[in-house]
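With this note's numbering, the residue at position 162 of the sequence shown is 164, and numbering never jumps. Built from N, CA and C at the ideal position, the CB exists for glycine as well.
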Amino acid sequence: MKYIDRLCQNKFDYKIMLNLHKDNSNNTKRVMLSAIKAYYKYAKDDRFYEIELPKKEKRVLDYLTFKEYKLIIEYLYRKPVKNITKIIITKLLFETGIRSCELLNIEIKNIDQDKIKIFGKNSKERIVYISHSFEKIINSYIQSRINQKYLFNFSYKYLHKVIGSFEKIINKKLTPHMFRRGFATYCIDKNIGIYELSLMMGHDNINTTRTYLRNEHRIELMKNIFN
3 MKYIDRLCQN KFDYKIMLNL HKDNSNNTKR VMLSAIKAYY KYAKDDRFYE
53 IELPKKEKRV LDYLTFKEYK LIIEYLYRKP VKNITKIIIT KLLFETGIRS
103 CELLNIEIKN IDQDKIKIFG KNSKERIVYI SHSFEKIINS YIQSRINQKY
153 LFNFSYKYLH KVIGSFEKII NKKLTPHMFR RGFATYCIDK NIGIYELSLM
203 MGHDNINTTR TYLRNEHRIE LMKNIFN
């Protein structure tokens, strides 16, 4: 902490420290300052505690659009037998909005026709639904997994590798969670209510679901309040 003490002889000198880290985002600076303030509070030294934190930056999180999703699916269907696992992964992630950890923990016994029982955070249970055409694809896939407990038997690292292989199709960096954001965005575009969407996504707090609203969604909601 000698480094901090040297920089922070008074509550204005913190700007010197921030200038040394000017390439960092405001969110990173907030973390740095919060840690320093906690240290001084613990040490019962309030010279740094009155400093205001930089404003938190709102990041615009990228997502997989429906058009991009269709491009990936169309590409995979060029060789449907070879790509069957990738097809099911892609459709489950985008068409149900489940988390990657939930995908990897799907047990075959929890698939009942067009319904799949999902266990989310804190083992919270919910049901997601799939189309009848997709149901047939999954049933066919299950036939090849006799005596297997889980629908998939691979790691998150492999899943990330599969998703990464789609980047060349749409010329865009991808992560599994971008499929979940894409699902949420698509549902909102189709006028699914925030409360209903929160249930579909397994959110305990509806405010978490609201983070998926883009500005145009918020404007549209305000316009329709009295319509």
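With distances taken between CA atoms, residue 75 lies nearest to 92 out of 108, 92, 67. If the five residues before and after residue 137 are omitted, its C-beta is found closer than 7 Å to the C-beta atoms of 115, 116, all from its own chain and listed in chain order.
For residue 96, the uninterrupted alpha helix (DSSP H) run begins and ends at 86-98, by DSSP. The C-beta distance from residue 82 to residue 90 rounds to 11 Å, too long to meet the 8 Å contact threshold. According to DSSP, residue pairing for residue 114 in a beta bridge involves 117. In its chain, beyond the 5 residues on either side, 143 have a beta carbon closer than 7 Å to the beta carbon of residue 86. Closest option to residue 95, judged by alpha-carbon separation, among 182, 164, 35, 199: 182. For residue 194, the three-state secondary structure derived from DSSP is coil.
The distance from the Cβ of residue 110 to that of residue 150 is about 6 Å, consistent with a contact at the 8 Å cut-off. For residue 165, the enclosing alpha helix (DSSP H) begins and ends at 158-166.
In the three-state reduction of the DSSP assignment, residue 148 falls in the coil class. Nearest Cα to residue 187 within the set 174, 203, 176, 173: 203. Residue 148 and residue 161 have their alpha carbons spaced roughly 22 Å apart. Its chain contains 96, 184 as the residues whose beta carbon lies nearer than 7 Å to that of residue 71, once the 5 sequence neighbours on both sides are disregarded; these appear in chain order.
Per DSSP, residue 79 is not a residue of any alpha helix (DSSP H), being assigned neither H nor E.
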